[in-house]
Amino acid sequence: MAEFGALGAFLDEYLELPIKGRDGTMRTYRIEEPPAEDGIRIERVTALAARLAAGSRGSDAAVLDDDAELDLYRMCLGDQYDRLVAELGWGAFKHVALTVMFWVTTDKDTAAKYWATGQQPGKAPNRAARRQESRDSSASAAANTTPSPASTSGTRAASRHRGKGRRPGRS
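Heads up: the sequence shown begins at 2 in this note's numbering, then just goes up one per residue.
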């Protein structure tokens, strides 16, 4: 019969994020996992947002209004919310909040990928990034390949030479 050890050995109960504030000082913020009730609401809101974004509504439609978005961030960031709002610009604040949201709704690895790239896990890169990747890979591929031999005017080495005159099978 299986025995269960104490819960917690593999659970991540907090994230420590190094963040440079508006004053240029690097600080490490410890974001505790949310209470269970907030975690459930975060899951519900993000699942609803994903369904709405993938559904029949246009891509320009707002999934969350401003108040709901800030409430989601407040639930994710917990007691660090006010401090982060005061010390960060909007871009950095949103990046931190979304990193924590990915941690809460998926796992630490997914959050770390978002933290490092700013790219939503599982989402294709934007058009400009895809074009740049295409250019970069084409340029490096061209630089690393040996040119093909010149054309042999469409003949193949295995084809028989046919002389002038009648073709085989014709009278």
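Every residue, glycine too, gets a C-beta built ideally from N, C-alpha and C.
In the DSSP assignment, M76 falls within the unbroken alpha helix (DSSP H) covering D67 to L78. Under a 10 Å Cβ-count criterion, Q81 is classified as buried, with 16 or more other Cβ atoms of the shown protein chains found around its own Cβ.
Here the region 24-44 lies against the region 96-111, with 3 or more beta-carbon pairs under 8 Å apart. C77 sits close to I43, with the two beta carbons spaced by under 8 Å. Partner residues in the beta bridge of P19, as assigned by DSSP, are T29. Just measuring C-alpha positions, the residue of Q120, Q121, T100 and P122 sitting nearest L16 is T100. Beyond the five residues adjoining it in sequence on each side, T111 comes within less than 7 Å, by CB distance, of F103 and P122 in the same chain, given in chain order.
L73 has its alpha-carbon roughly 9 Å from the corresponding atom of T47.
According to the DSSP assignment, L53 belongs to the alpha helix (DSSP H) that extends over A37 to A55. Residue environment: W116 is assigned as buried (16 or more neighbouring CB atoms within 10 Å of its CB, all protein chains considered).
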